[in-house]
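This report refers to the structure that appears directly beneath it.
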Amino acid sequence: MESVKELLALRKQIKARKPSFVREESWRYKRVRVSWRKPRGIDSHMRKRKKGWPKLVKIGYRGPKAARYLHPSGYYDILVHNVAELSKLDHKKDAARIGSSVGKKKRKEIVDKAKTLKIKVLNP
């Protein structure tokens with residue numbers, strides 16, 4: 000199996016070839032944001048894939064399977080809400096992301112326990 004650094008480099012290389020997907024007519028009207036929406040109009044040039052119009056999002060632009068769900072640090076990003084969930088993680092390949100609903104007191108407990116288990120916390 001490829002190393003994590005190689006996988007992240009491959010993902011970066013593939014992402015560089017991927018077009019920037021923009022919402023149809025977002026360049027024409029200020030009220031239409033750039034964030035992607037699938038064009039659905041019956042006469043839409045973009046939906047019909049006319050030459051000179053932006054590309055549509057398709058499955059073929061997806062990243063490499065082995066590098067999917069990897070955090071840029073090289074760890075798998077696992078959501079954690081309590082101390083018990085930390086014991087399920089592998090410190091060599093997983094990193095914990097503390098849920099947004101977790102309070103200050105429990106967050107401190109999770110960070111302390113993660114230190115003893117040598118688990119990286121992405122948002123301490």
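If you count by numbering that gives the first Met the number 0, then the sequence shown holds residues 0 to 123, one letter each, in order.
C-beta: ideal position from N, C-alpha, C; glycine also.
Please read these numbers as outputs of a predicted model, since none were measured by experiment.
Alpha-carbon spacing of residue i relative to residue j, whole angstroms
i	j	result
Leu-85	Val-3	22 Å
Pro-71	Leu-7	7 Å
Lys-105	Asn-81	7 Å
Gly-98	Pro-123	11 Å
Arg-67	Ile-13	12 Å
Trp-26	Val-120	39 Å
Arg-36	Ser-43	13 Å
Pro-38	Thr-115	50 Å
Ile-124	Lys-91	The requested residue 124 does not occur in the structure, where the chain is confined to residues 0 to 123.
Asp-111	Leu-69	24 Å
Pro-63	Arg-10	6 Å
Tyr-74	Lys-29	39 Å
Arg-32	Arg-96	30 Å
Val-101	Ala-113	15 Å
Ala-83	Asp-89	13 Å
Where the alpha helix (DSSP H) through residue i begins and ends
i	result
Ala-8	3 to 16
Lys-114	103 to 115
Integer Cβ distance of residue i from residue j, believed to fall under 8 Å
i	j	result
Gly-40	Arg-46	6 Å
Asp-76	Ala-94	6 Å
Val-79	Ile-109	6 Å
CB contact below 7 Å: residue i versus chain B
i	result
Ala-94	Of the chains in the structure shown, none is chain B; there is only one protein chain.
Contact test: residue i Cβ vs the ligand GTP heavy atom, cutoff 6 Å
i	result
Ile-97	Questions concerning the ligand GTP fall outside what the structure shown contains, since it holds no ligand whatsoever.
ask   = Below 8 Å, can you find three or more Cβ-Cβ pairs linking the stretch 49 to 59 to the stretch 14 to 21?
value = Result yes; three or more Cβ-Cβ pairs closer than 8 Å.
query = Counting only runs that start and end within the stretch 21 to 95, where is the beta strand (DSSP E) found for 3 or more residues in a row?
reply = Within the stretch 21 to 95, the complete beta strand (DSSP E) segments at least 3 residues long are 75 to 79, listed from N- to C-terminus.
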